[in-house]
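Report on the structure given below.
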């Protein structure tokens with residue numbers, strides 16, 4: 020039995036969107052009780068679709084809990100993802116850490132690097148969830164994690180390979196006046212944030 024395998028499934032299905040409210044659930048307490056994640060999240064080792072419902076069944080909770088409301092799995096912005104394939108890769112934490120150390124990680128990494136000494140393959144992407152009292156977006160993998168390996172960015176054609184066709188992918192810092200405001204002489208932008216979607220070598224004329 021693989022300990023920790025349920026962590027990515029719970030994070031994917033409970034947290035999902037950046038604006039979602041954290042959902043109360045203590046992974047810290049359950050992991051301190053030495054529960055194997057597959058005791059609750061059965062089948063996640065063989066999950067090959069992003070819409071697989073890997074939340075625990077009520078029967079898994081009832082040995083300890085009488086009232087067990089299991090929420091419906093919310094939608095995600097990702098169209099394709101296989102836990103099975105990624106878990107077969109083993110622990111990818113050293114790969115992400117190396118990308119950060121070499122300056123190849125395409126986003127901010129202030130709170131990320133310190134978690135990448137883990138030997139748990141789940142915590143490489145779902146960082147900090149082992150100590151959490153609620154599942155939030157902070158425990159979800161970042162797009163930049165995916166781009167460490169899946170780094171062929173060809174906008175706008177590559178977006179729908181991973182994201183649902185109807186997903187609203189415009190970043191929060193791209194409001195209606197973005198085209199005007201980002202061309203002002205005094206405009207200041209963190210280019211690392213741009214690189215997540217546009218890659219390191221993007222040019223304005225690539226889109227305009």
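In this note's numbering, the protein residues as written are 20 to 227.
We put the beta carbon where it would ideally sit given N, CA and C, even for glycine.
Would you mind giving the Cβ-Cβ distance between residue 168 and residue 98, rounded to the nearest angstrom? I have them listed as a contact below 8 Å. Not a contact, Cβ separation roughly 17 Å.
Taking a contact to mean a Cβ-Cβ separation below 8 Å, would you say residue 144 touches residue 164 in this structure? In this structure, residue 164 lies closer than 8 Å to residue 144 by Cβ.
Put residue 134 into one of helix, strand or coil per three-state DSSP. The answer is helix: DSSP assigns residue 134 an H, G or I state.
Same chain, Cβ closer than 6 Å to residue 265, five either side skipped, listed in chain order: Beyond the ends of the chain as shown, which are 20 and 227, falls residue 265; an answer cannot be given.
Proximity to residue 171 [Cα-Cα], best of 43, 135 and 217: Measuring from the Cα of residue 171, the nearest candidate turns out to be 217.
I'd like to check one pair, residue 146 with residue 156: are the Cβ atoms closer than 8 Å? No. Outside cutoff.
In three-state DSSP terms, what is residue 102? Residue 102 falls in the helix class under three-state DSSP.
So residue 161 and residue 126 are supposed to be a Cβ contact under 8 Å. How far apart are they, rounded? Yes, residue 161 and residue 126 are in contact; Cβ-Cβ is about 6 Å, under 8 Å.
Residue 76, DSSP secondary structure in three states: Note: residue 76 maps to coil in three-state DSSP.
Once the 5 residues before and after residue 128 are set aside, which same chain residues still bring their CB inside 6 Å of it? Answer for residue 128: 119, listed in chain order.
Could you have a look at residue 153 and say whether DSSP puts it in helix, strand or coil? Strand at residue 153.
Classify residue 106: buried if its beta carbon has 16 or more other beta carbons within 10 angstroms, exposed otherwise. Buried.
Cβ atoms of residue 154 and residue 41: under 8 Å apart, would you say? Cβ atoms of residue 41 and residue 154: closer than 8 Å.
Start and end of the alpha helix (DSSP H) containing residue 180? For residue 180, the enclosing alpha helix (DSSP H) covers residues 178-181.
Straight-line Cα distance separating residue 158 from residue 152: Between residue 152 and residue 158, the C-alpha separation is close to 11 Å.
Alpha carbons only, please: which of 148, 49 and 140 is nearest the one belonging to residue 83? Distances from the CA of residue 83 to each of 148, 49 and 140 were compared; the closest alpha carbon is that of 49.
Beta-bridge pairing of residue 97 - partner residues as DSSP gives them: According to DSSP, residue 97 bridges with 182.
Reduced DSSP secondary structure (H/G/I, E/B, other) of residue 90: DSSP places residue 90 in coil when its eight states are reduced to three.
Please look up how many angstroms separate the CB atoms of residue 87 and residue 81, rounded, as I've assumed it's under 8 Å. Between residue 81 and residue 87 the Cβ distance is about 6 Å, and since that is below 8 Å, they are a contact.
Status (buried if at least 16 other CB within 10 Å, exposed otherwise) for residue 65: Burial state of residue 65 is exposed, judged by a 10 Å Cβ sphere holding fewer than 16 other Cβ atoms.
Among the residues of its own chain, which have a CB less than 6 Å from the CB of residue 100, if the five just before and after it don't count? Within the same chain, residue 100 has close Cβ partners 69.
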